[in-house]
DNA sequence: ACAATCTTTCAATAATTATTGAAAGTTTAA
DNA sequence: TTAAACTTTCAATAATTATTGAAAGATTGT
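Chains as they are written, first to last, in the working numbering: chain H, 1446 to 1614; chain E, 1446 to 1614.
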């Protein structure tokens, strides 16, 4: 038996929500984004609280974070006092934005630390040599992976497909 | 003033450890792996507990998980009763293994759910059409990204550099 | 300026996740 | 077979992280 709308919607929100960890955000944040992502119109805080059964404070804080991440925007609807919210609807632009933020928030700082650690003075001992060698290898890997991600992600429309084709060819 | 060995080591372990979330494992797990990664020889449970100041139970459980992930292996040292542990020392192989596991554990199941959700019957309403359209777009993105990652990661030696060159060219 | 409507903040609390440590389990050597 | 040396398990506890809700803060219309 095939799923109906409500069941499919709930399943999507809970799955996508629990995937939050994969892109480094919390459950409520991910669920709010999911809800907006499949909504046909901008939603008010009231509607979001109501749909997801979360408190006003929680909704407010998580909407703010989503705006900080640059994937949700406030929409002003003429004649309405409330604020309404929408999320980026284009998946590629969404992925671009998420990748950019993760690089900035997490990967770049780690690369910096790896650089520092791998630059300590070589005192000639085996353990120091090993620390330098291994952190240098990680640094190079992280830097290359980060550069690659940024490169892929800053391409024009359809970058994923294009990139994949290049790799396969 | 430049860092000395011990300070650099501690900094590496704590940075790499806190980055655990990025690749979906917990702090202790990441720290154990870090410690092994820069060690010049296999370490016993005793030594790991001691270095990281964590309990025997914690060490045992996290070592098991690292072995499940395929990035730490048991080493039997002749004449020794204890078990010793080592981690994959090659960063590229390490990245390969981690990417493979994350795909299997997290990405593949999500792709499956997105497929199901995007396959519900179109009842003609706007909201159903939107749900189908958006989850289908996410499904395609996730599937392509996963395929790309696997492709990149299954290349031979120096895959990252090679892949990057292809993309930049 | 006032009051109605709406949003944000944040201390208290709840929920989740990680860690401990002691008991039970296993392996090895004699 | 026994006991020593070691590892695993898991219920209890600690630490961390998320959530609530009510008070304070904004904004808008009259």
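From the three backbone atoms N, C-alpha and C, an ideal C-beta is built for every residue, glycine too.
None of these values were measured; they are calculated from a predicted model.
Proximal chain E residues relative to residue i, where beta-carbon distance stays under 9 Å
i, result
"residue 1568 of chain H", "1449, 1450"
"residue 1572 of chain H", "1450, 1454, 1483, 1484, 1485"
"residue 1466 of chain H", "1466, 1469, 1551"
"residue 1586 of chain H", "1536, 1537, 1539, 1540, 1605"
Cross-chain neighbours of residue i in chain E, by beta carbon under 8 Å
i, result
"residue 1477 of chain H", "Those do not exist, as residue 1477 of chain H stays about 15 Å from chain E at its closest Cβ, beyond 8 Å."
"residue 1457 of chain H", "1558, 1559, 1562, 1576, 1580"
Chain-order list of residues whose beta-carbon lies under 7 Å from that of residue i (same chain, five-residue window excluded)
i, result
"residue 1478 of chain H", "1511, 1516, 1517, 1532"
"residue 1539 of chain H", "1516, 1533"
"residue 1588 of chain H", "1556"
"residue 1548 of chain H", "1591, 1594, 1595"
"residue 1496 of chain H", "1480"
Start and end residues, beta strand (DSSP E) containing residue i
i, result
"residue 1498 of chain H", "Run containing residue 1498 of chain H: none; DSSP gives neither H nor E here."
Residue i, enclosing alpha helix (DSSP H) - first and last residue
i, result
"residue 1525 of chain E", "Neither: residue 1525 of chain E is in no alpha helix (DSSP H) and is coded neither H nor E."
"residue 1549 of chain E", "It is not in any alpha helix (DSSP H) - residue 1549 of chain E carries neither H nor E in the DSSP assignment."
"residue 1464 of chain H", "Note, residue 1464 of chain H: premise wrong, no alpha helix (DSSP H); not H, not E."
"residue 1476 of chain H", "1472-1482"
"residue 1597 of chain E", "1571-1598"
Under 7 Å by beta carbon: chain H residues contacting residue i
i, result
"residue 1533 of chain E", "Per Cβ cutoff of 7 Å: no residues; residue 1533 of chain E is ~11 Å from chain H at best."
"residue 1583 of chain E", "1536"
According to DSSP, residues forming a beta bridge with residue i
i, result
"residue 1489 of chain E", "E:1529"
"residue 1518 of chain E", "E:1531"
Cβ neighbour criterion (16 or more within 10 Å) applied to residue i
i, result
"residue 1480 of chain H", "buried"
"residue 1579 of chain H", "buried"
"residue 1500 of chain H", "exposed"
"residue 1573 of chain E", "buried"
"residue 1487 of chain H", "buried"
"residue 1454 of chain E", "buried"
"residue 1505 of chain E", "exposed"
"residue 1507 of chain E", "buried"
Chain H residues whose Cβ lies nearer than 9 Å to that of residue i
i, result
"residue 1565 of chain E", "1447, 1448, 1449, 1450, 1452, 1453"
"residue 1460 of chain E", "1554, 1555, 1558, 1559, 1562"
Contact set for residue i: own chain, Cβ-Cβ below 6 Å, skip 5 residues either direction
i, result
"residue 1489 of chain H", "1527, 1529"
"residue 1559 of chain H", "1580, 1583, 1584"
"residue 1562 of chain E", "1580"
"residue 1520 of chain E", "1487, 1529, 1531"
Other residues of its chain near residue i: CB distance less than 8 Å, five sequence neighbours each side excluded
i, result
"residue 1463 of chain H", "1472, 1475"
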